[in-house]
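Structure first, commentary second.
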Amino acid sequence: MQQQFRQQKEYEKDLCKIIQMIYFYEEKLEKIRISLSESARFNIVFLFFKISRMKNHITKNDLRSFFAINHQPVIEKECDFLVFNYSSDQSNFLIFDDFLKLFTPRTNKELIQRLQDQYYSYAQGTMVLPQYEINQANIPFFIEDISVKLLNLELKFFRELEAQKMYFTNKYGTNILSAFQNISERGHSFDIIHKLFQRCGYTFTMDNFHYLMNRIDRDGNGLISKDEFLDEKFILPSYKFATYSTMMSTQKLNNPFQQTYQNQDYRIPTSGTFKIADNSDQKGQFSFIQRSVQREDGNQVLNGYYQVPLQNNQNGVYIVNNQQQLYNQAKNQMEYDNQNLQQLAQKEFIQQRMLNYQQQQEQQQINQEKSSSLSQKNQQQLQNMTTDTQGRQQKQSNSTQQNPDMQSRQQNSQNQIFQDSQNIANHQNYVNDPNSPINFAINDSLDHVNQIYVNSHSQSNLAVLSQKKI
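So that you can map any letter, position 51 of the sequence shown is 175 in this note's numbering, and since no number is skipped, the others follow by simple counting.
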C-alpha cells in the first residue's frame, strides 16, 4: 500500500514538472512577444517577408537560413518541428496567421486583428511597398536579434519538453488516461491543478494558470479537455521525434528523441567554406558564407550572406574547395534573385494594371448598355405618345366630316345662350330700378300697412285710458 502511494506521489510530481515547464517557458516567451509588439520599429509584415524571403509562406529551409544569417546553429529537424507545431493544418509551411501566433502576444486579440489587416492590405495590393523594400525587407538589427532569441527559446522549450515527455512515457507507459484522471475532477481547471500542486508541495498561481492555458487551451473555453490533454504539445511525445510502432504499447522503450538529438551534437557552421550535414538530409543543403569582396569596377562592395549550394561527396560531407568558384556562385545567385524579384514585381504590377483596365472596360460597357436601353425606352414612349395624339386628331376630323350640320348647331346653341344671358341682365336692372312700376306698387302697399297699424295702436291706447277713468 505504501509502495503504491509512493508511486502515485512520484507520478503526480512528474506530471507537475511537465506543467511547470510549459507555463515557465510560456511566460518567458510572452514577455519577449510583448516587448516586440511595444516597439515602434517593429513591423511584423517586414519580418515575415524577411524570414520567408519575399514569399507568402515560411518553410523549414527559410527558418534555417534566418538562423544561419544571425549565426545561430540549428539542425533541420528542429526547424521542421517548429513549423509543425505552429502550423494550423500541420503542414510543411507557416502562413501569416500562424506566424502571428509565434510573434504576437496571445492575450492581445485587437493587435492580432490589426496586424492581419495590415498584412492582407499588402497582399491585396492596396498598400504598395517601395522598390528597395520589395527587393529586401529591411528591419532594424535589434528587432531581428530579439526575433532570433524568441525562436531560439521556442526551440529550447521544445527540446526540454520532448525529453521530459519521453521520460514520462518510458517510466509510466503510454496509458495517459490515468494522468488525465488527476486533473479531470469536477470544478474549475485552476482549482484542480492547484490542488495537484499542493499535494506535491509546489505552488501554482493564477498567472501560472493563464500562461498554461495560453499554450494548451486551443478553443479558448478556459477548460482542459481530454483531446487538449492528449495533444502532442502537452503530454504525448511528438511523432516527429518519437516514432515507434504503437503508442498504446506498455513496453519501456529507449528514448528516440535523445537518440535523434544527441547523435547530432555537432552544429552547422555559419561562416566558412564547408559544413557537416546530417546524412538523412537529402535536399536543401546550403552554406551561408559572409564575404566582403570588391567588384572589378572598384566602386561597389558586396557585403552580406550569400546562399549557395554545396557539392556532396560520398561520405555525406558537403565541401566547396574553390574560393573563387564560391564567390562567383554567390554573386550569380544574388544577381539572379534580384532580377527575378524585379521581374516578378513588374509582372505583378502589369497584371494588376491589366486587370484594372479590363474592369474599367467592362464597367464602361455595362454603362453604355444601360444608357442605350434607357434611350430606346424613351424613344418608344415618345413614339407612342405621338401616335396617340395623331389618332385623336384623326378621330375628331373624321367626326366633323361625318356630321356637316354640327357647326350650325353649335352656333345656334351659342346664340341662344347669349340671348338668355341678356334677358337675365335686363330683368335684374328692371328689378333694381326704384321708379319701376313693380317697386312703386310695393311701396304703396307698405305705406297702407303702416297706416293701419298706427290707427289700431291709437284706438287700443284710448280704450285703456277710458277704463282707467272709470
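The C-beta atom is built at its ideal place from N, Cα and C for all residues, glycine as well. Please read these numbers as outputs of a predicted model, since none were measured by experiment.
8 angstroms Cβ shell around residue i - same chain, five flanking residues per side excluded
i, result
"Leu336", "Ile143, Ile146, Tyr147, Glu150, Ile317"
"Asn338", "Glu150, Glu154, Arg230, Thr231"
"Val272", "Phe190, Phe191, Asn194, Gln196"
"Ser404", "The pLDDT assigned to Ser404 is 40, lower than 50, so where the model puts this residue is not dependable; a value taken from the coordinates is nonetheless given after this. So no residue of the chain qualifies."
"Ile156", "Ile270, Lys273, Leu274, Leu277"
"Gln487", "none"
"Lys152", "Leu277"
"Ile474", "none"
Below-8 angstroms beta-carbon distance, residue i vs any chain C residue
i, result
"Phe190", "In the displayed structure, chain C is absent; only one protein chain is listed."
Nonlocal neighbours in the same chain, by C-beta distance under 7 angstroms from residue i, ignoring five residues either side
i, result
"Asn387", "Low confidence applies to Asn387: its pLDDT is 38, below 50, so where it sits in the model is not reliable, and the reading given next is rough at best. Once the five neighbours on either side are set aside, Asn387 has no close Cβ partner at all."
"Tyr135", "Tyr296"
"Lys141", "Gln288"
"Arg188", "Val198, Glu200, Cys203"
"Ile490", "none"
"Phe281", "Tyr149"
"Glu284", "Met145"
"Phe328", "Ile317, His318, Phe321"
"Phe166", "Leu160, Ile267"
"Met330", "Phe314"
Backbone secondary structure at residue i - three-state DSSP
i, result
"Leu218", "strand"
"Ile199", "coil"
"Ile316", "helix"
"Thr511", "helix"
"Ile602", "Limits of the chain in this structure are 125 at one end and 594 at the other, which puts residue 602 out of reach."
"Asn491", "helix"
"Tyr326", "coil"
"Arg124", "In the structure as shown, the chain begins at 125 and stops at 594. Residue 124 is therefore absent and cannot be evaluated."
"Ile193", "helix"
"Thr231", "coil"
"Ser211", "coil"
"Ile348", "coil"
"Asp341", "coil"
Rounded Cβ spacing between residue i and residue j (contact assumed at less than 8 angstroms)
i, j, result
"Asp186", "Ile175", "6 angstroms"
"Asp221", "Ser211", "That belief does not hold up - the Cβ atoms of Asp221 and Ser211 are roughly 10 angstroms apart, past 8 angstroms."
"Leu139", "Leu206", "Between Leu206 and Leu139 the Cβ distance is about 25 angstroms, and since that is not below 8 angstroms, they are no contact."
"His181", "Phe217", "4 angstroms"
"Ile267", "Ser163", "7 angstroms"
Own chain, CB closer than 6 angstroms to residue i, minus 5 neighbours either side, in chain order
i, result
"Asn209", "none"
"Cys324", "Glu136, Lys137, Cys140"
"Phe314", "Phe333"
"Ile158", "Pro229"
"Ile116", "Lying outside 125 to 594, the shown extent of the chain, residue 116 is not represented and no answer is given."
Near the ligand PLP: residue i beta-carbon under 7 angstroms from a heavy atom
i, result
"Phe223", "This structure simply doesn't include the ligand PLP, nor any ligand for that matter."
| message | For a minimum of 4 consecutive residues, which ranges assigned as the alpha helix (DSSP H) are wholly contained in the segment 144-183? | response | 168-176
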